[in-house]
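Shown next, in structure tokens, is the structure this report addresses.
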Amino acid sequence: MLKKLLITLGCVALMTNAWATDVSIPTARGEVTLKAHPTKIAVFDLGSLDTLQALGVKVDGAPDALKTLTYLKPTFEQAKSVGTLFEPNLEALNELKPDLIIVGTRTAKKYDDVSKLAPSIDMTDNADNFIEGALKRIESFGKLFGKQSEAEKLINEINTLFAETKNAVKGKGNGLIILVNGGKISAFGKGYRLSWIHDDLGIPLADETIKGAGHGQPISFELVQKLNPDWLFVLDRISAIGKEGKAAKEVLDNELVHQTKAWKNNQIVYLSGASYLAPGGFEQIKMDLTTIKNAFEKK
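Letter by letter, the sequence shown follows residues -20 to -1, 1 to 279 in mature numbering (1 follows the signal peptide of the UniProt record, and there is no 0).
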């Protein structure tokens, strides 16, 4: 009996030690070492929240729910509101007492404030290595939360879909990525928001000179007509954030855009709102790769 008890206690001790193991993961601010398996977390970065939900990790604190991201509803419904995408509620965070706070992109500037309340990490996505960075985050979260097998499945799924999509787009023309914000449009080049379409998938740019940090480089419909892209990749900001205004499809339905190869050949791809709000999340990447793959496979 005593021998059996000692064996049982030994097993418990081993499990406890494994549970308390430190884990090092890459972040936007360098490698960080954390206690494994944090049990209460607050997440402000929606790309991270997207991936954590896919891994089956419970999120205890999150920004105010965004009705446009319906697929994240299960997490928003069970998590306590701890601020907005831009402004953490420090009082609510202090009351929650999380073991870990995850910021990124829009809340990255608040890292110093929240890190005074609990261990914090900045998981802002890297536009230069978008897909690779997203896969590394899945792997890191899997290791941190003891979800390695789940992470492996998600990584394999993205790798397969990415390879299929890259094969589908090969040799089928150039593209122009535009953000439609009401009646205004802007474009993105390499190294900026959504540039993974060019950098990772290998779709040539319709104009190599376009830059476009933030909300993109403002452009005119005359320029779109002049560039005459084979494909248009469109992000509808108004729809993504749930504001009233002209939808992207209505804005682009004009005489100048009608003259482009993209319009004439029905080669306009509308990206998900998650690509604007939750970049780098597992579901975001899966949704947009699937949309692009399906559009190109028809050609």
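We put the beta carbon where it would ideally sit given N, CA and C, even for glycine.
What does the alpha-carbon distance come out to for the pair residue i and residue j?
i	j	result
Pro6	Leu215	29 Å
Leu181	Phe142	8 Å
Lys164	Gln128	44 Å
Leu80	Ile21	5 Å
Glu75	Lys152	54 Å
Gly225	Asn161	8 Å
Ala148	Ile183	11 Å
Ile(-14)	Leu97	Residue confidence for Ile(-14) is low, a pLDDT of 37 falling below 50, so the modelled location carries little weight; the figure read from the coordinates is stated next. Using only the alpha carbons, I get a separation of about 39 Å.
residue 281	Thr240	Shown here, the chain extends from -20 to 279; a query on residue 281 therefore has no answer.
Leu(-19)	His17	Only weak support exists for where Leu(-19) lies, its pLDDT of 31 falling under 50; the value from the coordinates is given anyway. Computed Cα separation, rounded: 31 Å.
Leu(-12)	Val62	Annotation note: pLDDT 34 at Leu(-12) (below 50); position unreliable, coordinate value reported separately. Their backbone Cα atoms lie some 39 Å apart in a straight line.
Val(-9)	Leu124	Since pLDDT at Val(-9) reaches only 40, below the 50 mark, its modelled position is unreliable, and the value read off the structure follows with that caveat. Taking the straight line joining both Cα atoms gives about 20 Å.
Lys273	Lys146	8 Å
Ser255	Ala107	12 Å
Ile82	Ala275	35 Å
Ser227	Ile218	Residue 227 is actually Ala in this sequence, not Ser. Looking at the two C-alpha atoms, the distance is approximately 7 Å.
Ile248	Lys60	39 Å
Ala(-3)	Thr271	Any answer about Ala(-3) is weak, because its pLDDT of 46 lies below 50 and its placement is not dependable; what the coordinates show is given next. Distance between the alpha carbons of Ala(-3) and Thr271: 41 Å.
Leu32	Gln58	14 Å
Leu(-16)	Ile177	Low confidence applies to Leu(-16): its pLDDT is 29, below 50, so where it sits in the model is not reliable, and the reading given next is rough at best. Near 58 Å, if we compare the C-alpha coordinates of Ile177 and Leu(-16).
Val37	Leu26	14 Å
Thr(-5)	Gly126	With a pLDDT of 42 at Thr(-5), under the threshold of 50, the predicted position of this residue should be treated as unreliable, though the coordinate-derived value follows. Thr(-5) and Gly126: Cα-Cα distance of roughly 13 Å.
Gly222	Asp93	29 Å
For residue i, which residues does DSSP report across the bridge?
i	result
Thr13	Ser4
Lys60	Gly41
Leu80	Ile21
Pro68	Gly63
Less than 9 Å between the C-beta atoms of residue i and residue j, yes or no?
i	j	result
Gln205	Leu156	no
Pro68	Arg173	no
Asp187	Leu207	yes
Val3	Thr19	no
Ala114	Phe262	yes
Span of the alpha helix (DSSP H) holding residue i?
i	result
Val231	228 to 232
Asn161	No alpha helix (DSSP H) contains Asn161, which is instead part of the beta strand (DSSP E) from 155 to 161.
Val94	91 to 94
Leu32	26 to 35
Ends of the beta strand (DSSP E) at residue i?
i	result
Leu52	No beta strand (DSSP E) holds Leu52; DSSP gives it neither H nor E.
Q) Residue ranges of each alpha helix (DSSP H) run of no fewer than 4 residues wholly in the region 100 to 137, ordered along the chain? A) 110 to 124
Q: Quick one: which unbroken beta strand (DSSP E) runs of 3-plus residues sit fully inside the region 164 to 251? Chain order, please.
A: 164 to 168, 197 to 199, 211 to 216, 248 to 250
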